[in-house]
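Undergrad: Mind looking over this structure? Questions follow.
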Amino acid sequence: MTGKKVRVLVVDDTVLYRKVISDVLAMIPEVEVVGTANNGKIALAKVEQLTPDLMTLDFEMPVMDGLATLLELKRMKSDVAVIMVSAHTSEGAAVTMKALEHGAFDFIAKPDGASLEKNRQSLLSQLRPVVQTVATRRILRPALTGIPRSVPPVQPVSAASRPATAPVRRQEMPPATSPAASAIRPVLPSGRIAVVAIGISTGGPNALAEVIPRLPKNLRVPVVIVQHMPPVFTKALADSLNQKSAVNVIEAQGEERLEAGNVYIAPGGKQMKVVKKATGEFLQLTDDPPENHCKPAVDYLFRSVSSIYGNRALGVIMTGMGSDGVKGLRLMKQQGSQVIAQDETSCVVFGMPMEAIKAGVADVVVPLHQISAEIVNRVK
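Letter by letter, the sequence shown follows residues 131 to 510 of my numbering.
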């Protein structure tokens, strides 16, 4: 639908927020606001009438709330992309995780500032990239429609033991030939993996819920993750994943020693890096400025991983818009690290992995459902 305006339906029970969100969307050239609704029941009727491409959907509404509306859209097999509008609270973050599991494309946090102009700017900065993604629908992939509550951890397998009849979508990348990519010459061959570093953005909660619960409890390395999310929401993500996983998943607090079998998620609003001390590798949180408009930023984490682990790291770049992570992956590859990229078909947004593949830093490109097995086999 490139070249056509994105048709948006705004759903919120308050007149003020319906107007504010509509006004902000009107500032984006690619958008046409085709209607508003003050509850989910009316919104469902307008979806049928107006055929929007995108819906902003509030959670707390009378008659039919946001989560119930989302579930009904799922039952209807509607292809409207849904952006949940969430309160910046622990309760709002927890229900947001449920909405993402049930097919919401993404979410934005309701600004809690008193200044109307600051609220507008906050909404604009959150909505613009999502709208632009929908406008270039060739890189948009349907969000996953529900995550299994319990999935068995994968076990390492050799290539020889894989069934010969199984379809293999895993793609080994040939040596890069572009001048920029050819300049990435590892100073050392890959060593035994000592850490897994994951960078992910739009579509991340569902994708991580497919990968992390499949990691075995006895995974012999730690996993560090940057997921682009604001404060509070990263804690809800960690809690949600921890309930589903054999490994221990926590939101990083800073100063933790990295332990095998633990998964550490960078908290929203902080930068996270790995530092070396006499007793081992530790996490450190900082208030350093955003990179690539992101805090936490994938590049920030990957840069430290490259510095501390050299050729003993495994980088994983997954679904997300933009190019955050590519610079850090270049440094990791120069040190001899290995890199996995998620494939286009299984990405909600094929942005960050695409840039990594174009830069020639990916060793292998695999679909989402094979990423956990790829990790386990490379760290065994």
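Where is the CB? At the ideal position from N, CA and C, for every residue including glycine. Since we're looking at a predicted model, the values are computed, not measured.
Spatial neighbours of Gly455 within its chain, please: CB distance less than 7 Å, with the 5 preceding and 5 following residues excluded, ordered by chain position.
TA: Gly329, Val428, Asp429, Phe432, Ile447, Met482 and Ala486.
Undergrad: Can you give the beta carbon distance from Arg460 to Val491, rounded, assuming they're within the 8 Å contact cut?
TA: Sure, about 6 Å apart at Cβ, within 8 Å.
Undergrad: Check each candidate in Ser375, His423 and Val362 and name the one with the smallest Cα separation from Ala396.
TA: Considering only alpha carbons, the answer is Val362.
Undergrad: Pull the bridge partners of Tyr394 from the DSSP assignment, please.
TA: Val354 and Ile380, per the DSSP bridge assignment.
Undergrad: Is Gln179 helix, strand or coil by DSSP?
TA: Helix, per DSSP.
Undergrad: Any chance you could list the beta strand (DSSP E) runs of at least 3 consecutive residues sitting entirely within the segment 440–480, in chain order?
TA: If we require 3 residues or more, the beta strand (DSSP E) runs fully inside the segment 440–480 come out as 443–447 and 468–472.
Undergrad: Please classify Lys457 as buried or exposed, where buried requires at least 16 other C-beta atoms within 10 Å of its C-beta.
TA: With 16 or more other Cβ atoms within 10 Å, it is buried.
Undergrad: To the nearest angstrom, how far is the alpha carbon of Gln341 from that of Asp142?
TA: In the sequence on display, residue 341 carries Val and not Gln. Going by the C-alpha atoms only, they are around 34 Å apart.
Undergrad: Under DSSP, the alpha helix (DSSP H) around Thr219 begins and ends at which residues?
TA: First-last for Thr219: undefined, no H or E at that position.
Undergrad: Just the Cα atoms here: how many angstroms apart are Val154 and Asp209?
TA: Roughly 23 Å separates the two Cα atoms.
Undergrad: Can you give me the C-alpha to C-alpha distance between Lys135 and Val161, rounded to a whole angstrom?
TA: For Lys135 and Val161, the distance between alpha carbons rounds to 5 Å.
Undergrad: Work out the CA separation of Arg205 and Val138 for me, nearest whole Å.
TA: Each residue's Cα considered, the two are about 20 Å apart.
Undergrad: Just to confirm the assignment, what range does the beta strand (DSSP E) spanning Thr144 have?
TA: Note, Thr144: premise wrong, no beta strand (DSSP E); not H, not E.
Undergrad: For Asp429, name the three-state secondary structure that DSSP assigns.
TA: Reduced to three states, the DSSP call for Asp429 is helix.
Undergrad: Quick check on the DSSP output: the alpha helix (DSSP H) that includes Met185 runs from which residue to which?
TA: Per DSSP, Met185 belongs to no alpha helix (DSSP H); it is in the beta strand (DSSP E), Leu184 to Asp188.
Undergrad: Looking only at C-alpha atoms, which of Pro335, Met402, Val404 and Pro182 sits nearest to Asn372?
TA: For the residues Pro335, Met402, Val404 and Pro182, the minimum Cα distance to Asn372 belongs to Pro335.
Undergrad: Assign Glu485 to one of three DSSP states: helix, strand, or coil.
TA: If DSSP states are grouped into helix, strand and coil, Glu485 belongs with the helices.
Undergrad: What's the C-alpha gap between Val212 and Leu200?
TA: Looking at the two C-alpha atoms, the distance is approximately 8 Å.
Undergrad: I'd like to know if Phe237 contacts chain B, where contact means its C-beta is closer than 7 Å to some C-beta of that chain.
TA: The structure shown contains no chain B; it holds only a single protein chain.
Undergrad: Name the DSSP bridge partner or partners of Ala327?
TA: Partner(s): Val354 and Gly445.
Undergrad: Give the straight-line distance between the Cα atoms of Val356 and Val264, rounded to the nearest whole angstrom.
TA: Each residue's Cα considered, the two are about 24 Å apart.
Undergrad: Count the other C-beta atoms from every protein chain shown that fall within 10 angstroms of the C-beta of Arg350, then say buried if there are 16 or more, exposed otherwise.
TA: Arg350 should be labelled exposed.
Undergrad: In three-state terms, what does DSSP make of Ile158?
TA: In this structure, Ile158 counts as coil in the three-state DSSP scheme.
Undergrad: Taking 7 Å as the threshold (C-beta atoms), are Val215 and Lys240 in contact?
TA: Yes; because the gap between Cβ atoms is below 7 Å, this pair is in contact.
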